[in-house]
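Residue numbers (the working numbering): 639 to 759.
Don't be surprised by glycine CBs; every beta carbon is placed ideally from N, CA and C.
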C-alpha cells in the first residue's frame with residue numbers, strides 16, 4: 639500500500655498478518671480471556687454496547703500477501719479452532735490488521751541511571 643502511494647517505508651514488509659473483528663457474542667468468555675496453541679492465539683476484549691473485539695493470529699497469517707477480509711463464517715471457524723468454541727459469534731463489523739515489521743525512525747534510548755529506591759520505603 640505505501641509503495642503504491644509513493645510513501646517511503648524504512649523497514650521490511652510484514653511477514654505476519656493478524657486479524658480482528660468487532661462482534662456480538664451470545665456466550666462471551668470470562669473477562670480477560672486469551673488463549674494460544676497450535677491453531678493460533680486469540681484475545682477477547684469487551685467493547686461498549688455489549689460488543690467484543692476478537693484479536694487473533696492463525697498459522698495461515700504467516701504471509702506477506704493480504705488475503706482479504708474474513709467472512710463471518712471464517713471468523714467463527716478460526717475462533718472455534720483456537721478457543722474450542724465460537725462463543726455464539728454474530729454481527730461482525732470487520733477490520734483486518736497487518737503487523738508491520740518497521741524499524742523506528744530514531745534509536746530507542748535508555749535512561750543513564752536506573753532510579754534508586756527510596757530509603758523510606
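Pick from the options that is closest to residue i, judged by C-alpha positions
| i | options | result |
| --- | --- | --- |
| residue 682 | 699, 697, 662 and 701 | 662 |
| residue 697 | 716, 660, 723 and 725 | 716 |
| residue 677 | 699, 689 and 671 | 699 |
Rounded straight-line distance, which links the Cα of residue j to that of residue i
| i | j | result |
| --- | --- | --- |
| residue 721 | residue 645 | 39 Å |
| residue 679 | residue 685 | 19 Å |
| residue 710 | residue 728 | 7 Å |
| residue 659 | residue 708 | 9 Å |
| residue 740 | residue 691 | Low confidence applies to residue 740: its pLDDT is 46, below 50, so where it sits in the model is not reliable enough to give any reading. |
| residue 668 | residue 704 | 32 Å |
| residue 655 | residue 706 | 11 Å |
| residue 689 | residue 671 | 14 Å |
| residue 718 | residue 666 | 13 Å |
| residue 714 | residue 643 | 34 Å |
| residue 733 | residue 724 | 18 Å |
| residue 712 | residue 657 | 11 Å |
Assigned exposure category for residue i - 16 Cβ within 10 Å defines buried
| i | result |
| --- | --- |
| residue 694 | buried |
Any C-beta of chain B under 9 Å from that of residue i
| i | result |
| --- | --- |
| residue 732 | Going by chain labels, chain B is absent from the structure shown, which holds only one protein chain. |
Taking only runs of the alpha helix (DSSP H) that begin and end inside the region 681–723, which ones reach a length of at least 4 residues, in chain order?
Fully enclosed alpha helix (DSSP H) runs of 4 or longer: 710–721.
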